[in-house]
Amino acid sequence: MTRSAQTKRLYLTSAPVSEANGSSAELNPSLYNRNDVSRIDFSGAGGYAVPHLESLPALIEYLSEAVLVVNSSGTIVCINSKAAQFLGHTQGALRGHCWPDFLVKRYQQHYHSLVDMGRRGLLSQQQSPAEMAIICANGDVKDIELSLSYLPSDDPLLVIVMRDLTSHKAQCHKLHMLACTDPLTALANRRHFDEMLQKCWDECNKTQSPVSVLIVDVDYFKQFNDQYGHIQGDECLRRIAAAISLAVPRGQGLAARYGGEEFALVLPYHDEAMTKAVALKVQHYVRQLNFCEQGLPEDLCVSVSQGHASEINGQFRTPFAMLCAADTALYRAKSEGRDCISACC
Numbered sequence: 001m002t003r004s005a006q007t008k009r010l011y012l013t014s015a016p017v018s019e020a021n022g023s024s025a026e027l028n029p030s031l032y033n034r035n036d037v038s039r040i041d042f043s044g045a046g047g048y049a050v051p052h053l054e055s056l057p058a059l060i061e062y063l064s065e066a067v068l069v070v071n072s073s074g075t076i077v078c079i080n081s082k083a084a085q086f087l088g089h090t091q092g093a094l095r096g097h098c099w100p101d102f103l104v105k106r107y108q109q110h111y112h113s114l115v116d117m118g119r120r121g122l123l124s125q126q127q128s129p130a131e132m133a134i135i136c137a138n139g140d141v142k143d144i145e146l147s148l149s150y151l152p153s154d155d156p157l158l159v160i161v162m163r164d165l166t167s168h169k170a171q172c173h174k175l176h177m178l179a180c181t182d183p184l185t186a187l188a189n190r191r192h193f194d195e196m197l198q199k200c201w202d203e204c205n206k207t208q209s210p211v212s213v214l215i216v217d218v219d220y221f222k223q224f225n226d227q228y229g230h231i232q233g234d235e236c237l238r239r240i241a242a243a244i245s246l247a248v249p250r251g252q253g254l255a256a257r258y259g260g261e262e263f264a265l266v267l268p269y270h271d272e273a274m275t276k277a278v279a280l281k282v283q284h285y286v287r288q289l290n291f292c293e294q295g296l297p298e299d300l301c302v303s304v305s306q307g308h309a310s311e312i313n314g315q316f317r318t319p320f321a322m323l324c325a326a327d328t329a330l331y332r333a334k335s336e337g338r339d340c341i342s343a344c345c
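Following full-length UniProt numbering, the numbering of the sequence shown begins with 1 at its first residue and continues without gaps.
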């Protein structure tokens with residue numbers, strides 16, 4: 001459209017809309033020009049007409065996205081049925097409500113920053129959607145992707161588009177768990193252990209707190225495999241892994257299968273005495289294992305040898321050095337007759 005000597009352009013996209021019965025339809029172009037209001041380019045601010053407030057409810061109602069419009073103070077001016085359903089309220093109940101109140105508190109500042117950018121004309125078509133979380137009427141917290149478009153006028157409005165990220169986040173979490181879990185024992189795998197070891201090392205060094213590692217190795221496991229077969233050997237490892245998990249303090253450590261019949265634990269905020277106490281629990285739980293239900297001899301006993309090391313006063317320069325010291329202690333325990341616990345010298 002042309003205004004005096006200056007040309008302002010309104011970029012529109014033809015967005016599919018949904019009828020109440022779920023079929024696809026398009027808005028009357030003479031009324032709404034088939035806009036997806038979340039994609040209108042308002043970067044020209046002030047040089048063209050903005051849709052009248054009276055037309056916005058009808059405009060957004062037929063959009064396939066969850067959309068609401070708020071004023072400069074955050075009050076909901078209008079909201080479509082999909083957004084109302086998403087929040088767990090009726091449209092009537094939501095109009096006049098303060099939209100930022102639905103945001104989880106840690107995201108409210110980010111939202112207000114985006115609003116301020118809109119006021120200053122800094123929001124653009126290329127603005128990346130923001131990941132946030134909202135609290136629904138029933139108390140459920142939902143992860144969302146939120147897009148904002150600024151409608152300049154005497155009383156500026158914001159068009160907010162919400163997209164549910166719940167299933168996406170769940171799928172990402174599932175993939176993350178697959179990437180960091182040992183498939184045989186369901187403990188953490190070596191990659192995840194190495195990451196957590198570095199993280200715990202950095203955290204404890206920052207607070208000048210102790211951090212320890214404990215390495216556990218199944219005694220005579222090769223002979224077990226040779227005598228009873230690999231299927232029984234795998235089951236043996238699964239049961240030992242479960243026993244080790246019982247010994248890890250809840251929320252204060254990580255157990256991992258480090259390779260073959262070797263396991264490793266990282267224990268933040270544990271000094272040498274506390275780590276030995278964990279090792280004694282591992283030893284106790286493993287000794288209690290009974291393999292009769294697997295069809296193995298009643299008198300069959302499995303044991304583990306353990307070595308541990310602790311970083312307390314800067315004796316190790318790196319977490320890898322501490323791990324190597326624990327490994328050396330493990331071999332000392334092996335040489336002392338197995339089913340033993342040895343500390344780093």
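Backbone N, C-alpha and C define an ideal beta-carbon position, used for all residues, glycine too.
Quiz prompt | C-alpha gap between N225 and K334, whole angstroms | solution = The alpha-carbon atoms of N225 and K334 are separated by roughly 19 Å.
Just to confirm, are S72 and V115 a CB contact at a threshold of 9 Å?
yes
So, at 7 Å on beta carbons, what are the nonlocal neighbours of K142 in its own chain, with the 5 sequence-adjacent residues on each side left out? Excluding residues within five positions, the ones whose Cβ falls inside 7 Å are A133, I134, C136, D164 and T166.
**Prompt:** Does DSSP classify V69 as helix, strand or coil?
**Reply:** strand
At what residues does the alpha helix (DSSP H) containing R332 begin and finish?
P319 to S335
Is it buried or exposed, H173, if we count other Cβ atoms within 10 angstroms and call 16 or more buried?
exposed
- Message: Can you tell me whether I341 is buried or exposed? The criterion is at least 16 other CB atoms within 10 Å of its CB, across all chains shown.
- Response: Under this definition I341 is a buried residue.
Using the Cβ count rule (16 or more neighbours within 10 Å means buried), how would you classify C292?
Around the C-beta of C292, fewer than 16 other C-beta atoms lie within 10 Å, and the residue is accordingly described as exposed.
From this set, V304, R332 and I60, which residue's C-alpha is nearest I79's C-alpha?
-> I60
In the DSSP output, what is K276 paired with across the bridge? When beta bridges are read from the DSSP output, K276 appears opposite no residue.
Same chain, Cβ closer than 7 Å to W266, five either side skipped, listed in chain order: Checking the sequence shown, residue 266 turns out to be Val, not Trp. Excluding sequence neighbours, V266 sits near F193, M196, L197, C200, V213, G253 and L254.
Secondary structure of residue 350, DSSP reduced to three states: The question about residue 350 has no answer here: the residues shown for the chain are numbered 1 through 345.
Quick check on D155: does DSSP put it in helix, strand or coil? coil
Q) What residue from V248, P152, V159 and N138 has the CA that sits closest to P129's CA? A) V159
Q. Within this structure, are the beta carbons of R257 and N189 separated by less than 9 Å?
A. yes
task = With DSSP as the reference, label I312 as helix, strand or coil.
result = coil
Inter-residue Cα distance where the pair is Q315 and I215
19 Å
- Unbroken beta strand (DSSP E) runs of length 3 or more, entirely within the segment 129-173: which are they? 130-135, 141-151 and 157-164
Using DSSP with H/G/I as helix, E/B as strand and the rest coil, what is Y107? Three-state DSSP puts Y107 in a helix.
If you drop the 5 nearest sequence neighbours on each side, which residues of the same chain put their C-beta closer than 7 Å to that of C180? A188, N189, R191 and H192
Going by C-alpha to C-alpha distance, which of L296, I312, K276 and L178 sits closest to I231? L296
### Query
In angstroms, rounded to a whole number, what distance separates the CA positions of residue 399 and Q288?
With the chain covering 1 to 345 only, the question about residue 399 has no answer from this structure.
How far does the alpha helix (DSSP H) with E235 in it extend, from its first residue to its last?
H230 to A247
### Message
I'd like the span of the alpha helix (DSSP H) that includes R190, first residue to last.
### Response
R190 to K206
* Express the C-alpha separation of A325 and R238 in angstroms, rounding to a whole number. => 26 Å
Have a look at E54 and D202 and give me their C-alpha separation to the nearest angstrom. 57 Å
- Would you please state the rounded distance, in angstroms, between the beta carbons of P268 and C204? I believe it to be under 8 Å. 5 Å
- prompt: Which one or two residues does DSSP pair with T75 in a beta bridge?
  reply: C98
Checklist entry - When DSSP labels each residue in this structure, what does S286 get in the three-state scheme? => result According to the sequence displayed, residue 286 carries Val and not Ser. Helix, per DSSP.
Give the DSSP-derived three-state secondary structure of G259 in the structure shown. When secondary structure is reduced to three states using DSSP, G259 falls in the strand class.
Run through the DSSP bridge pairs and tell me what G307 is partnered with. As DSSP reads the structure, G307 sits in a beta bridge with I215 and S342.
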